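Written below as structure tokens is the structure these notes are about.
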Amino acid sequence: MNIRFNDIGIQHWAGAFILFLANTHDGIVRGDGAGNFNPDNTVTVGEFCAMAVRAVPSLNAGVNPNDMWSVQAARYINFVMGRGVRVYQGDFTPAYGEQIQRQFAFNIAQRIIGVNAARRANAALDQAERRRRWNALHDRTQIINDARVREGVETLFMHGGIEGRTGNILAPRETLTRAEAAVIIARCLATDNAIEPFARNLSRNFTFHRRIVPPGLANNPNRNLTAINFVTIHNTGNYRAGATAESHANWLFGGSMDGGISRQISWHYTIDRDEIWQSFEDTSACWHAADGSGPGNWQSIGIEICVNFGFVPTGERPQTGVPPESQATPAQLAEATQMHIEACENAAWIVADLLNKHNLTVDRIFQHNHWCPNNQDCPGEIRSGRWGVTWNQFIEMVRERI
Ligand SMILES: [Zn+2]
Numbered sequence: 112m113n114i115r116f117n118d119i120g121i122q123h124w125a126g127a128f129i130l131f132l133a134n135t136h137d138g139i140v141r142g143d144g145a146g147n148f149n150p151d152n153t154v155t156v157g158e159f160c161a162m163a164v165r166a167v168p169s170l171n172a173g174v175n176p177n178d179m180w181s182v183q184a185a186r187y188i189n190f191v192m193g194r195g196v197r198v199y200q201g202d203f204t205p206a207y208g209e210q211i212q213r214q215f216a217f218n219i220a221q222r223i224i225g226v227n228a229a230r231r232a233n234a235a236l237d238q239a240e241r242r243r244r245w246n247a248l249h250d251r252t253q254i255i256n257d258a259r260v261r262e263g264v265e266t267l268f269m270h271g272g273i274e275g276r277t278g279n280i281l282a283p284r285e286t287l288t289r290a291e292a293a294v295i296i297a298r299c300l301a302t303d304n305a306i307e308p309f310a311r312n313l314s315r316n317f318t319f320h321r322r323i324v325p326p327g328l329a330n331n332p333n334r335n336l337t338a339i340n341f342v343t344i345h346n347t348g349n350y351r352a353g354a355t356a357e358s359h360a361n362w363l364f365g366g367s368m369d370g371g372i373s374r375q376i377s378w379h380y381t382i383d384r385d386e387i388w389q390s391f392e393d394t395s396a397c398w399h400a401a402d403g404s405g406p407g408n409w410q411s412i413g414i415e416i417c418v419n420f421g422f423v424p425t426g427e428r429p430q431t432g433v434p435p436e437s438q439a440t441p442a443q444l445a446e447a448t449q450m451h452i453e454a455c456e457n458a459a460w461i462v463a464d465l466l467n468k469h470n471l472t473v474d475r476i477f478q479h480n481h482w483c484p485n486n487q488d489c490p491g492e493i494r495s496g497r498w499g500v501t502w503n504q505f506i507e508m509v510r511e512r513i
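Set out below in structure tokens:
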């Protein structure tokens with residue numbers, strides 16, 4: 112399976128947990144049928160019971176997937192309650208669309224799924240510390256006066272299934288979002304090591320970082336885009352082996368200093384074969400398109416794809432300390448091509464994500480060259496097509512990831 116959701120981009124804090132669950136068994140969590148997960152919606156009793164039961168394939172709640180959701184949800188709730196698990200603060204069976212409180216979600220997770228053996232073993236090594244933290248949760252006394260629920264929540268915590276919120280808060284009577292519910296279920300089922308790389312296993316291979324550039328220097332226009340209408344693609348043209356996404360992000364963060372002066376040079380995302388670094392919010396304007404206050408700078412999100420090959424391609428201006436392509440070995444040429452392909456694949460992920468997020472179509476992706484009055488040859492490596500990816504191939508990479 113390779114289930115993805117329009118609203119679970121690579122930047123979502125719970126993305127790995129949600130995608131892990133969506134692609135496990137028959138889909139422990141599911142979307143809304145229109146491609147969205149709606150992570151910020153409050154989770155209902157019916158939804159949480161469904162997630163918990165689906166997480167354990169040996170359980171059969173007798174649910175017919177062709178039934179209306181209200182019928183399915185009622186079956187899931189009755190199944191869970193039939194196992195003696197309290198799901199609601201009231202004495203009766205709740206309506207399926209009723210919001211569930213955290214304490215009952217915890218109780219259901221513990222009683223129906225239990226905590227993954229490896230995670231439990233890990234927690235067992237540190238029972239004294241977990242006990243100390245449990246005792247520090249000052250609002251744990253707000254758990255409903257029901258010994259079974261109290262025991263379920265405490266056991267889940269002591270086994271490492273939940274951690275509480277920052278500030279030593281359990282918030283047992285609050286509601287939770289679908290994203291938070293997914294994290295609880297996923298943590299019961301698997302270790303963090305199994306979950307975290309999962310999003311990357313959906314055929315991507317990068318880590319995402321943010322280092323937002325503060326205002327105050329010339330590289331930050333300190334104004335918003337007039338509209339988010341386009342995505343602009345660049346190659347960095349920096350061929351030093353150390354010219355990675357992170358080093359560009361650090362340069363931007365420091366004010367794009369050149370010769371001791373902050374330059375009007377900036378963009379939103381830098382991508383290499385391993386990492387994506389975000390330097391400006393999508394809504395911020397940047398200086399990257401060389402069209403002044405034209406649509407390149409004021410209406411587009413700038414994407415820089417790294418070319419840290421360690422040699423300067425033939426036809427490009429020499430760079431101090433970087434040997435020319437003619438001195439590169441066949442192995443180095445092949446490595447540079449592979450490096451560029453992987454960077455472009457990673458860039459295609461973030462571009463697809465941006466298109467989805469901002470309701471844009473692929474015909475809104477432009478080369479930097481499109482905006483420049485001086486016909487600048489950028490993105491140079493994609494335009495030449497000599498480094499594994501042509502422009503048409505790049506657009507196709509994006510299309511596959513939307
Ligand atoms: Zn450019």
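Take 112 as the starting number for the sequence shown in the working numbering and just add one per residue.
Note that CB positions come from ideal geometry on N, CA and C, so glycine has one too.
Bear in mind that the values here come from a model prediction, so they are computed numbers and not experimental data.
Cα separation between Arg-276 and Phe-268? The count along the sequence shown starts at 1 and reaches residue 276 at position 165. The count along the sequence shown starts at 1 and reaches residue 268 at position 157. The alpha-carbon atoms of Arg-276 and Phe-268 are separated by roughly 12 Å.
Can you determine whether any heavy atom of ligand 1 sits closer than 6 Å to the C-beta of His-379, and answer yes or no? Reading the sequence shown from its first residue, position 268 is the one you call residue 379. Every heavy atom of ligand 1 is 6 Å or more from the Cβ of His-379, so no.
Report the rounded CA-to-CA distance for Ile-224 versus Glu-456, giving the unit in angstroms. Numbered from 1 along the sequence shown, position 113 holds the residue referred to as residue 224. Numbered from 1 along the sequence shown, position 345 holds the residue referred to as residue 456. Going from the Cα of Ile-224 to the Cα of Glu-456 covers about 37 Å.
Distance check for Gly-327 and Arg-334, CA to CA, integer angstroms please. Taking the first residue of the sequence shown as position 1, residue 334 is located at position 223. Taking the first residue of the sequence shown as position 1, residue 327 is located at position 216. About 12 Å.
Using 6 Å as the cut-off, classify the Cβ of His-479 as near or not near the heavy atoms of ligand 3, replying yes or no. Ligand 3 is not among the ligands present in this structure, which contains only ligand 1.
Would you tell me roughly how many angstroms separate the C-alpha atoms of Thr-501 and Asn-486, rounded to the nearest one? In the sequence shown, counting from the first residue as 1, residue 501 sits at position 390. In the sequence shown, counting from the first residue as 1, residue 486 sits at position 375. Going from the Cα of Thr-501 to the Cα of Asn-486 covers about 18 Å.
Can you tell which of Val-154, Ala-356, Gln-210 and Gly-271 has its C-alpha closest to the C-alpha of Ile-382? Along the sequence shown, one-based indexing puts residue 382 at 271. Checking every option, the nearest Cα to that of Ile-382 belongs to Ala-356.
Under a CB-based cut-off of 7 Å, is Asp-202 close to chain D? Among the chains in the structure shown there is no chain D, since it carries only a single protein chain.
Beta-carbon separation (whole angstroms), Thr-343 vs Ile-273, contact threshold 8 Å: For the purposes of this step, residue 343 is taken as the residue at position 232 of the sequence shown. For the purposes of this step, residue 273 is taken as the residue at position 162 of the sequence shown. About 43 Å separates the two Cβ atoms, so there is no contact after all.
For the region 450-494, which segments carrying the beta strand (DSSP E) assignment without a break, of at least 3 residues, lie completely within its bounds, in sequence order? 476-478
Would you mind working out which of Cys-299, Thr-153 and Ile-387 sits nearest Ile-139, comparing C-alpha positions? Translated into the one-based positions of the sequence shown, residue 139 becomes position 28. Measuring from the Cα of Ile-139, the nearest candidate turns out to be Cys-299.
Does DSSP put Arg-510 in a helix, a strand or coil? Counting from 1 along the sequence shown, the entry for residue 510 is found at position 399. Here Arg-510 sits in helix by DSSP.
Taking the beta strand (DSSP E) that Asn-346 falls in, what are its first and last residues? Taking the sequence shown and counting its residues from 1, one reaches residue 346 at position 235. Counting along the chain, the beta strand (DSSP E) containing Asn-346 begins and ends at 341-346.
Own chain, CB closer than 8 Å to Pro-429, minus 5 neighbours either side, in chain order: The residue labelled residue 429 in the question sits at position 318 within the sequence shown. Same-chain partners within the cutoff: Val-423 and Pro-435.
Taking C-alpha atoms, which residue in Ser-169, His-399, Ile-452 and Phe-159 lies nearest to Asn-189? Residue numbering aside, residue 189 sits at position 78 when the sequence shown is read from its first letter. The candidate whose alpha carbon is nearest that of Asn-189 is Phe-159.
Range of the contiguous beta strand (DSSP E) that encloses Trp-409: Translated into the one-based positions of the sequence shown, residue 409 becomes position 298. Unbroken run through Trp-409 is the alpha helix (DSSP H), 406-410; no beta strand (DSSP E).
Is the beta carbon of Ile-414 sitting closer than 7 Å to the one on Phe-319? Here residue 414 is taken as the residue at index 303 of the sequence shown, counted from 1. Here residue 319 is taken as the residue at index 208 of the sequence shown, counted from 1. Going by C-beta atoms, Ile-414 is not nearer than 7 Å to Phe-319.
Closest to Thr-155 by C-alpha separation, out of Glu-209, Asp-202 and Asn-177, would be which residue? Here residue 155 refers to the residue found at position 44 when the sequence shown is read from its first residue. Answer by Cα proximity: Glu-209.
According to DSSP, residues forming a beta bridge with Gly-164: As a first step, residue 164 must be located in the sequence shown, where it is residue number 53. One point to set straight first is that residue 164 is Val, not Gly, in the sequence displayed. BP columns for Val-164 are empty, so no partner.
State the DSSP-derived secondary structure class of Phe-505, mapped to helix, strand or coil. The residue labelled residue 505 in the question sits at position 394 within the sequence shown. Three-state DSSP puts Phe-505 in a helix.
Does the Cβ-Cβ distance between Thr-337 and Trp-409 come in under 7 Å? On the sequence shown, residue 337 is found 226 positions in, with the first residue counted as 1. On the sequence shown, residue 409 is found 298 positions in, with the first residue counted as 1. In this structure, Trp-409 lies closer than 7 Å to Thr-337 by Cβ.
Spell out a yes or no on whether the region 127-139 and the region 162-181 are touching, meaning 3 or more CB-CB pairs, one atom from each, closer than 8 Å. yes
Can you give me the start and stop residues for the beta strand (DSSP E) that Thr-394 sits inside? Sequence index remark: in the sequence shown, residue 394 carries index 283 (1-based). Segment: none, Thr-394 is in no beta strand (DSSP E) and carries neither H nor E.
Can you find at least 3 beta carbon pairs, one from the region 360-380 and one from the region 437-453, that sit closer than 8 Å? no
Would you kindly report the start and end of the unbroken alpha helix (DSSP H) that includes Phe-116? Taking the sequence shown and counting its residues from 1, one reaches residue 116 at position 5. Unbroken run through Phe-116: none, as it is neither H nor E.
Three-state secondary structure assigned by DSSP to Asn-312: The sequence position of residue 312 within the sequence shown is 201, counting from 1. Unreliable placement is indicated for Asn-312, whose pLDDT of 45 sits below 50; the coordinate value is still reported in the next sentence. Three-state DSSP puts Asn-312 in a helix.
As assigned by DSSP and simplified to three states, the class of Trp-362: In the sequence shown, residue 362 corresponds to position 251, counting from 1. Three-state result, Trp-362: helix.
Could you work out which residue in Tyr-380, Trp-378 and Trp-362 is closest to Ile-372 when comparing CA atoms only? Within the sequence shown, numbered from 1, the residue matching residue 372 stands at position 261. Considering only alpha carbons, the answer is Trp-362.
Backbone CA spacing between Tyr-199 and Ala-206 [nearest angstrom]: Within the sequence shown, the letter at position 88 stands for residue 199. Within the sequence shown, the letter at position 95 stands for residue 206. Distance between the alpha carbons of Tyr-199 and Ala-206: 10 Å.
Label Asn-312 either buried or exposed according to how many other C-beta atoms from any shown protein chain fall within 10 Å of its C-beta, with 16 as the threshold for buried. Here residue 312 is taken as the residue at index 201 of the sequence shown, counted from 1. Here the model assigns Asn-312 a pLDDT of 45, short of 50, so the residue's position is not dependable, and the following value carries that caveat. When all chains shown are included, Asn-312 counts as exposed.
List the endpoints of the continuous beta strand (DSSP E) containing Ile-224. Residue numbering aside, residue 224 sits at position 113 when the sequence shown is read from its first letter. Segment: none, Ile-224 is in no beta strand (DSSP E) and carries neither H nor E.
State the start and end residues of the unbroken alpha helix (DSSP H) segment that holds Arg-243. Residue mapping note: residue 243 aligns to position 132 of the sequence shown, counting from 1. That run of the alpha helix (DSSP H) goes 238-247.
Please list, in chain order, all residues of the same chain as Trp-378 whose beta carbon is under 6 Å from its beta carbon, the five residues on each side excluded. Mapped onto the sequence shown, residue 378 falls at position 267. Same-chain partners within the cutoff: Cys-397, His-399, Gly-413 and Glu-415.
For Asn-218, which residues in the same chain have their Cβ closer than 7 Å to its Cβ, ignoring the five residues on either side in sequence? Here residue 218 is taken as the residue at index 107 of the sequence shown, counted from 1. These residues qualify, in order along the chain: Val-196, Arg-197, Val-260, Gly-263 and Val-264.
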